[in-house]
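Residue numbers (this note's numbering): 117 to 306. Read the structure below first, then the notes.
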């Protein structure tokens, strides 16, 4: 079973990203489960959402504590060791990061995981998604997820975006496609 944990801040769209991924995998004929985890947090507080994907019906109904993949929407959360908690050895981290300075501040990863990054905030802003102080990166980052993991095509992700956001989602789809093209694997040497 593939288990995905999406980290973000309230208002960045972590829950919608989880739903988009679920619909994209559903298009492939997979069994899916998508659910948020948050309490009374305010906009801007750390939140996470989870997505499970399987070839068989999913019986588990608990939080994902040991994900196969983490998707991190907020660049500042990408630098927090806590987002890596439980990530399986050899797992994948897809992060909203930009620049060498950010890379140098990543927690000591010691080659335990595959780490991919894209300037999700910059791409979102260039497509009019959110504001300079609050870019909405969810659709952009699911594009990075699709390419980094090799599990979802642009067509799968477009289907997911349209199912969740409706047909009037051209900017979101354009941002997703750009992130799909731009995401890169980081070689973290410590």
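Ideal placement from N, C-alpha and C gives every residue a C-beta, glycine not left out.
Going by DSSP, residue 263 is part of no beta strand (DSSP E) but of the alpha helix (DSSP H) stretching over 254 to 265.
Put simply, the region 142 to 154 does not touch the region 185 to 198. Fewer than three CB pairs are less than 8 angstroms apart. Of the candidates 168, 189 and 171, 189 places its Cα closest to the Cα of residue 127. Around the C-beta of residue 272, 16 or more other C-beta atoms lie within 10 Å, and the residue is accordingly described as buried. Under the three-state reduction of DSSP output, residue 279 falls in the helix class. A straight-line Cα-Cα distance of about 20 angstroms links residue 248 and residue 285. Between the region 133 to 149 and the region 275 to 282 there are three or more inter-stretch CB-CB distances shorter than 8 angstroms, so the stretches are counted as touching. The beta carbon of residue 234 lies closer than 6 angstroms to those of 260, 295, 298 and 299 in the same chain, with the five residues before and after it left out. In this structure, residue 168 sits near residue 148, with a CB-CB distance shorter than 8 angstroms. Around the Cβ of residue 211, a 10 Å sphere holds 16 or more other Cβ atoms; the residue is buried. When secondary structure is reduced to three states using DSSP, residue 147 falls in the strand class. Residue range 118 to 125 is occupied by the beta strand (DSSP E) that includes residue 124. Sequence-distant Cβ neighbours of residue 242 in its own chain, meaning closer than 7 angstroms and more than five residues away, do not exist here. Separation of residue 162 and residue 171 (C-alpha to C-alpha, rounded to the nearest whole angstrom) is 31 angstroms. Shortest Cα-Cα distance from residue 214 to any of 206, 205 and 239 involves 239.
With a threshold of 16 other beta carbon atoms within 10 Å, residue 176 falls short and is exposed. Bridge pairing for residue 209: 186 and 231 [DSSP]. According to the DSSP assignment, residue 170 belongs to no alpha helix (DSSP H) but to the beta strand (DSSP E) extending over 162 to 170.
Apart from the 5 residues on each side of it in sequence, residue 207 sits with its Cβ closer than 7 angstroms to the Cβ of 183, 184, 185 and 229 in its chain, given in chain order.
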